[in-house]
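As they're listed, the protein sequences go chains W and U.
Here the working numbering is used: position 216 in the first sequence is 216, and no number is missing along the way.
Here the working numbering is used: position 154 in the second sequence is 154, and no number is missing along the way.
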Amino acid sequence: MLTLENLNVDMDNSALTGTLSLAPGRRVAILGPSGAGKSTLLDVVAGFRPLRAGQVGWCGADLTHSPPNKRPVSILFQDGNLFPHLTVFRNLLLALKPNGQRASEEDSVRIEGALKRVGLAGMSGRKPGTLSGGQQSRAALARVMLQARPIILLDEPFSALGPALKAEMLGLVRDVAGNLGALVVMVTHDPDDARRFAEDVVLVADDKVHLPVATAAFFANPPEAYQEYVGTQ
Amino acid sequence: MAQRALSISAGLALAILTLGPIAAVLIRAGGLGSFRPGDFEALQFTVWQALLSGFFSTLLAIPVARALARRQFFGRRLLISLLGAPFILPVIVAVMGLIAVFGQNGILNSGLAAFGGPRLDIYGLHGVVLAHVFFNLPLATRMLLQAWLAIPAERFRLAASLGLTPWGQFLTLEWPLIRRIAPGAFAVIFVICLTSFAVALTLGGGPRATTVELAIYQAMRFDFDLGRAAMLALMQLGLATVAGLIALKLAPSQGFGVGRGRQVPRWDGRSTMARTFDMIWIFLAAAFLLVPLALVVLKGMPGLFAGAGQGTWTAAKHSVLVALASTALSMVWALPLANRKGELLSVAAIAISPLVIGTGLFLILRPFVNPFTMALPVTTVVNAMMALPFALRILRPEAEAVEHDFGRLRQTLRLTTWAWFTRVWLPRLRRPMGFAAGLTAALAMGDLGVIALFADPDRATLPLQVYRLMGAYQMEAAAGAALLLLILSFGLFWLFDRGGRAGADT
Numbered sequence: 001m002l003t004l005e006n007l008n009v010d011m012d013n014s015a016l017t018g019t020l021s022l023a024p025g026r027r028v029a030i031l032g033p034s035g036a037g038k039s040t041l042l043d044v045v046a047g048f049r050p051l052r053a054g055q056v057g058w059c060g061a062d063l064t065h066s067p068p069n070k071r072p073v074s075i076l077f078q079d080g081n082l083f084p085h086l087t088v089f090r091n092l093l094l095a096l097k098p099n100g101q102r103a104s105e106e107d108s109v110r111i112e113g114a115l116k117r118v119g120l121a122g123m124s125g126r127k128p129g130t131l132s133g134g135q136q137s138r139a140a141l142a143r144v145m146l147q148a149r150p151i152i153l154l155d156e157p158f159s160a161l162g163p164a165l166k167a168e169m170l171g172l173v174r175d176v177a178g179n180l181g182a183l184v185v186m187v188t189h190d191p192d193d194a195r196r197f198a199e200d201v202v203l204v205a206d207d208k209v210h211l212p213v214a215t216a217a218f219f220a221n222p223p224e225a226y227q228e229y230v231g232t233q
Numbered sequence: 001m002a003q004r005a006l007s008i009s010a011g012l013a014l015a016i017l018t019l020g021p022i023a024a025v026l027i028r029a030g031g032l033g034s035f036r037p038g039d040f041e042a043l044q045f046t047v048w049q050a051l052l053s054g055f056f057s058t059l060l061a062i063p064v065a066r067a068l069a070r071r072q073f074f075g076r077r078l079l080i081s082l083l084g085a086p087f088i089l090p091v092i093v094a095v096m097g098l099i100a101v102f103g104q105n106g107i108l109n110s111g112l113a114a115f116g117g118p119r120l121d122i123y124g125l126h127g128v129v130l131a132h133v134f135f136n137l138p139l140a141t142r143m144l145l146q147a148w149l150a151i152p153a154e155r156f157r158l159a160a161s162l163g164l165t166p167w168g169q170f171l172t173l174e175w176p177l178i179r180r181i182a183p184g185a186f187a188v189i190f191v192i193c194l195t196s197f198a199v200a201l202t203l204g205g206g207p208r209a210t211t212v213e214l215a216i217y218q219a220m221r222f223d224f225d226l227g228r229a230a231m232l233a234l235m236q237l238g239l240a241t242v243a244g245l246i247a248l249k250l251a252p253s254q255g256f257g258v259g260r261g262r263q264v265p266r267w268d269g270r271s272t273m274a275r276t277f278d279m280i281w282i283f284l285a286a287a288f289l290l291v292p293l294a295l296v297v298l299k300g301m302p303g304l305f306a307g308a309g310q311g312t313w314t315a316a317k318h319s320v321l322v323a324l325a326s327t328a329l330s331m332v333w334a335l336p337l338a339n340r341k342g343e344l345l346s347v348a349a350i351a352i353s354p355l356v357i358g359t360g361l362f363l364i365l366r367p368f369v370n371p372f373t374m375a376l377p378v379t380t381v382v383n384a385m386m387a388l389p390f391a392l393r394i395l396r397p398e399a400e401a402v403e404h405d406f407g408r409l410r411q412t413l414r415l416t417t418w419a420w421f422t423r424v425w426l427p428r429l430r431r432p433m434g435f436a437a438g439l440t441a442a443l444a445m446g447d448l449g450v451i452a453l454f455a456d457p458d459r460a461t462l463p464l465q466v467y468r469l470m471g472a473y474q475m476e477a478a479a480g481a482a483l484l485l486l487i488l489s490f491g492l493f494w495l496f497d498r499g500g501r502a503g504a505d506t
């Protein structure tokens, strides 16, 4: 379980509070108005933001004071997921060899395999700048696969893609996470993303992290804070 | 963390190399120094020439920057880029060029003589100021031009639609800008000129045109009076500290990437008189910069083709080695210091004049080795130190951008410090490092400062060799060596800068 207990996190003019626990292997969407603290919540899980009070835990281990690089977490950021001066292969290799060493035979096989899985077979020699936005997202996802961590955080990573491409990428994330058995937490402002992808929805609004609700139930009977945010449809 | 430890030790090395020599100077100067009447005059001259240099550079820069800002002409971009050249131009080369124009047998005197005019003499106060204006007029022009081009085009459009007279427009748009930028430009130039040594060495001298730095040099080289040199160094230290504080208060941020040749559309200054006026200023400024350089090239060719002479080649070899070693050292030093604290520290370090540091190092080394045998290593270290603030000003924004853009990715990938450094940091910083290394190499190549304190005939650098040849009235050999120095300085800059760009795709 990923557990966030009695959180209290400083934000610009307020503080984000709440308690949350998410089971391994679930796909969870975080919805809410912009500025409410969706990304802040991800930062808390990833360890990029200090807590004023509360605890972060994963399967019994206390992560509250672990630095980001010690947490069982991989992240897809909104942008800047790939080093622009390195080829796709070298970018992926860093997930396997964080000390910058050369690729072993086995590394190469794994990297090419991961690229094939995301539909980028034969692209390993390309630099990110020569890839389309969708291809860059795929390459970053291939790296998340190689990192094979039990928690995957997505910070609106496909918001720059068109609807069809985005749907495809979400499908791909679902496959990858399913294979890894990883918990996926995705921040989005698009309810359709949540409907399509998530099993549970966590609403972040009014400085509060609300309890997770099954996606179908959430949209069948949206909470008041959410209705205010999307407006009456 | 390893990275932090590295930053701290780099900072510490810098602090030790600055404070150590100062301590040595302080200890040595205590009571031993004899204050001579000439020393007060040196202080007076130093301040006076710096005031005049700052004043004329800034004043003359105003019409030039104004003209460059509002005129469009063939070669404008090139001229603006050329305004950056004096920064990497060896002082001694510029002095040779200025002598060729304004000197005893220079083209100006020949011209004046043909019309029966008076003869000009370049040596003394006006020569020192002239050379300082040569170096700093471009600097002031760039600072003003940058501000001028930052005035939004809408303001000029508004001024045009309001039908403001030229004088009205000057008062509303341009005068406030001059008042904002000019004092800072003046302060920066004033400080630079306070610690300028090579110009005073070559064009000054004598009781009436000796700066404090020159007096330090004379005390060491001619009288070998270390106590007095230390006392003078102390005086220079006080002077530089006060001036540095003034400059810190007044100085605007001066960039290197100035003047991509941006053009703000203007509706003013269309009268024939305004146009003529602007073109005259541009022509004069360009001639003032380019004619001396052209003469260095022209006059240097015979000497260079004649084979320059053994001493010159040896000196050139020394200089290239010193420049390369300084560059390497400066880069290794700069990388861990590429943050706000590091930049402040490096600026503080160079506020102390190189000659003071040189004097201090001389005093420290003397009990252990013959300081003269250490001439080249000491020059290397001091040059690296002097180039640090410039290198950091270029590197720091980029280094911080890499940290900002990829710091989180680094964390989530769990990159080791080594992998981060070699796979991300260095490759991302290649371009600015090439530029910074180019500047450092050129500065070290052309430096005529500490080496003059330490050098014996076997260990001259090329700038010192040019100076010696001039002193021995071997003008053809001096001109050839000066041209060689010019080629090597600009060549090294070009090589490093190019090396940083080549294949540095994003």
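Idealized CB from N, CA, C, for every residue including glycine.
Quick caveat, the model's predicted, so the values are computed rather than measured.
Own chain partners of residue i with C-beta closer than 6 angstroms, once the 5 adjacent residues on each side are dropped
{"i": "Val-213(W)", "result": "Val-201"}
{"i": "Asp-278(U)", "result": "Ala-67, Arg-71"}
{"i": "Tyr-226(W)", "result": "Leu-203"}
{"i": "Val-258(U)", "result": "Residue placement at Val-258(U) is poorly supported in this model, since its pLDDT is 39, which falls under 50; the coordinates are not used for a value here."}
{"i": "Leu-144(U)", "result": "Ala-61, Ala-65, Ile-181"}
Any chain U beta carbon closer than 7 angstroms to residue i
{"i": "Pro-157(W)", "result": "no"}
{"i": "Phe-83(W)", "result": "yes"}
{"i": "Gly-60(W)", "result": "no"}
{"i": "Pro-128(W)", "result": "no"}
{"i": "Gly-125(W)", "result": "no"}
{"i": "Asn-99(W)", "result": "yes"}
{"i": "Gly-80(W)", "result": "yes"}
{"i": "Leu-94(W)", "result": "yes"}
{"i": "Pro-212(W)", "result": "no"}
{"i": "Asn-69(W)", "result": "yes"}
{"i": "Ile-151(W)", "result": "no"}
{"i": "Ile-75(W)", "result": "yes"}
Beta-carbon spacing of residue i, residue j below 7 angstroms
{"i": "Gly-360(U)", "j": "Ala-24(U)", "result": "yes"}
{"i": "Pro-432(U)", "j": "Leu-395(U)", "result": "yes"}
{"i": "Gly-100(W)", "j": "Arg-423(U)", "result": "yes"}
{"i": "Ala-219(U)", "j": "Arg-228(U)", "result": "yes"}
{"i": "Pro-21(U)", "j": "Trp-281(U)", "result": "no"}
{"i": "Pro-302(U)", "j": "Leu-98(U)", "result": "no"}
{"i": "Thr-380(U)", "j": "Ala-325(U)", "result": "yes"}
{"i": "Val-296(U)", "j": "Met-96(U)", "result": "yes"}
{"i": "Ala-200(U)", "j": "Val-128(U)", "result": "yes"}
{"i": "Gln-135(W)", "j": "Ala-95(W)", "result": "no"}
{"i": "Ala-29(W)", "j": "Thr-188(W)", "result": "yes"}
{"i": "Leu-304(U)", "j": "Gly-480(U)", "result": "yes"}
{"i": "Phe-493(U)", "j": "Ala-444(U)", "result": "no"}
{"i": "Asn-8(W)", "j": "Gly-54(W)", "result": "yes"}
DSSP state of residue i mapped onto helix, strand, coil
{"i": "Arg-260(U)", "result": "With a pLDDT of only 43 at Arg-260(U), under the threshold of 50, the placement of this residue in the model should not be trusted; the figure read from the coordinates follows. If DSSP states are grouped into helix, strand and coil, Arg-260(U) belongs with coil."}
{"i": "Val-28(W)", "result": "strand"}
{"i": "Glu-5(W)", "result": "strand"}
{"i": "Asp-190(W)", "result": "coil"}
Contact with chain W by residue i, beta-carbon distance below 7 angstroms
{"i": "Gly-259(U)", "result": "With a pLDDT of 40 at Gly-259(U), under the threshold of 50, the modelled position of this residue cannot be trusted; read the value that follows with caution. Not one chain W Cβ lies under 7 angstroms of Gly-259(U)."}
{"i": "Arg-423(U)", "result": "yes"}
{"i": "Ala-419(U)", "result": "yes"}
{"i": "Asp-405(U)", "result": "yes"}
{"i": "Leu-413(U)", "result": "yes"}
{"i": "Thr-416(U)", "result": "yes"}
7 angstroms CB neighbourhood of residue i in its chain, flanking five on each side removed
{"i": "Ala-240(U)", "result": "Leu-194, Thr-195, Ala-351, Ile-352, Ser-353"}
{"i": "Arg-428(U)", "result": "Val-402"}
{"i": "Ser-137(W)", "result": "Pro-157, Phe-158, Leu-161, Met-169"}
{"i": "Ala-177(W)", "result": "Arg-27, Ile-152, Val-184"}
8 angstroms Cβ shell around residue i - same chain, five flanking residues per side excluded
{"i": "Ser-124(W)", "result": "Thr-87, Val-88, Phe-89, Leu-92, Ile-111, Glu-112, Leu-115"}
{"i": "Leu-51(U)", "result": "Phe-190"}
| said: Please give the ranges of any alpha helix (DSSP H) in the segment 123–179 of chain U, keeping only runs that are unbroken, at least 4 residues long and fully inside the region. | reply: 125–149, 153–162, 166–169
For this session: List in chain order: all unbroken alpha helix (DSSP H) runs of 4+ residues lying wholly within the segment 54–137 of chain W.
Result: 88–96, 105–117
> Could you give the uninterrupted runs of the alpha helix (DSSP H) lying entirely in the segment 419–473 of chain U, keeping only those of 4 residues or more?
Replying inline: 430–446, 450–454, 462–471
Which of the residues in the segment 427–457 of chain U, read from start to end, lie with their CB under 8 angstroms from any CB of chain A?
No chain A appears in this structure, whose protein chains are W and U.
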